[in-house]
Amino acid sequence: MDVIDLLIQQRREVDALFLAFRNASDDTSRRELCIQLAEALMLHSTIEARWVSPKASRVVGDEKSSTRSRSTRRRRSSWVTSCRCATT
Numbered sequence: 001m002d003v004i005d006l007l008i009q010q011r012r013e014v015d016a017l018f019l020a021f022r023n024a025s026d027d028t029s030r031r032e033l034c035i036q037l038a039e040a041l042m043l044h045s046t047i048e049a050r051w052v053s054p055k056a057s058r059v060v061g062d063e064k065s066s067t068r069s070r071s072t073r074r075r076r077s078s079w080v081t082s083c084r085c086a087t088t
């Protein structure tokens, strides 16, 4: 499996976790799904940062790639924070 296939597979898994979170009927389930989502998103981010972003930087330039990366990290961080608040 190459890195693109892995990212596509992870994206599907994350989408399924978001759907499960949306449909969860109790706080315990939501809490567990939050943990799973946070882990999946961190793994996805790590793979992007290690293998995809360096190549993208060479293609589109360092400034554009780093701007997108910061934006993506802010969105994920914001989601994890709101998820944490929703389950406390």
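Mapped onto this note's numbering, the consecutive letters of the sequence shown carry residue numbers 1 to 88. The C-beta atom is built at its ideal place from N, Cα and C for all residues, glycine as well.
Do residue 36 and residue 17 count as a contact pair if the criterion is CB distance below 8 Å? Yes. Within cutoff.
If contact is defined by three or more beta carbon pairs under 8 Å, each pair taking one atom from either stretch, is the segment 35–49 in contact with the segment 11–26? They touch, by the three-pair rule.
Going by Cα to Cα distance, which pick from 44, 23, 21, 26 is closest to residue 9? It is 44.
Are the C-beta of residue 55 and some C-beta of chain B separated by less than 8 Å? Absence of chain B from the displayed structure is noted, only one protein chain being present.
According to DSSP, is residue 85 part of a helix, a strand, or is it coil? Note that residue 85 scores 49 on pLDDT, short of 50, meaning its location in the model is unreliable; the coordinates nonetheless yield the value given after this. Look at residue 85 here: in three-state DSSP terms it is helix.
Of the listed residues 56, 47, 57, nearest to residue 2 (C-alpha basis): Closest option to residue 2, Cα to Cα, is 47.
Reduced DSSP secondary structure (H/G/I, E/B, other) of residue 27: If DSSP states are grouped into helix, strand and coil, residue 27 belongs with the helices.
Go ahead and pull the three-state DSSP assignment for residue 43. DSSP places residue 43 in helix when its eight states are reduced to three.
Which of the three DSSP states is assigned to residue 5 in this structure? In the structure shown, the three-state DSSP call for residue 5 is helix.
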